[in-house]
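Just so you know, the sequence shown maps onto residues 67 to 191 in our numbering. We put the CB at the ideal spot given by N, CA and C, even for glycine.
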Amino acid sequence: MENAVHGAGQPTPAQIDQIIHERLRLGIVCALAVHEWLTFTELRDLLQTTDGNLSVQARKLEEAGYVTCSKKFEERKPKTTYKLTARGRAALESYLGTLSEMLPALEQVRHPELVRRGALRPATS
67 MENAVHGAGQ PTPAQIDQII HERLRLGIVC ALAVHEWLTF TELRDLLQTT
117 DGNLSVQARK LEEAGYVTCS KKFEERKPKT TYKLTARGRA ALESYLGTLS
167 EMLPALEQVR HPELVRRGAL RPATS
């Protein structure tokens with residue numbers, strides 16, 4: 067029997083990767099998906115977060131194998147860089163795919179009255 071909200075085979079919110087889904091972790095993964103690597107400072111400034119929050123969330127991604135962290139010194143100053151791993155990229159692709167399957171088509175959001183009247187058919191995957 068098909069659910070009124072979730073069609074047969076359509077993913078549910080419980081199937082979303084909770085490691086990536088948290089706002090700051092999603093930001094980290096997305097930023098690293100479009101950059102070869104970013105320093106801790108670059109990520110912190112880009113995501114407008116605190117050192118503590120970035121450190122905690124980046125560590126969770128590192129523990130999941132989604133990012134790698136490299137620490138070194140340059141001119142006696144510590145420099146931490148992050149890279150997205152192949153596993154992290156695959157997890158992001160899967161996350162985005164699951165999310166896109168859950169969301170209604172943009173036309174349905176913009177024109178729900180047309181869908182209700184049958185003038186616009188809901189998109190199917």
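About 19 Å separates the CB atoms of Tyr161 and Leu109; that is not less than 8 Å, and the two are not in contact.
Gln123 has its alpha-carbon roughly 35 Å from the corresponding atom of Gln174. By the neighbour-count criterion, in which a residue is buried when 16 or more other Cβ atoms sit within 10 angstroms of its Cβ, Val133 is buried. Note that the C-beta distance between Lys137 and Lys143 is not below 9 Å. By the neighbour-count criterion, in which a residue is buried when 16 or more other Cβ atoms sit within 10 angstroms of its Cβ, Ala157 is buried. The alpha-carbon of Pro79 is positioned some 8 Å away from that of Met168. Here the C-alpha atom of Leu92 lies approximately 32 Å from the C-alpha atom of Glu141. In this structure, Leu98 lies near Gly154, with their beta-carbon atoms less than 9 Å apart. DSSP places Glu140 in the strand class (E or B) of the three-state scheme. When rounded, the separation of the alpha-carbon atoms in Thr105 and Ile82 is 28 Å. Given a length threshold of 4 residues, each whole run of the alpha helix (DSSP H) inside the region 95 to 154 is given here in chain order: 106 to 113, 117 to 129.
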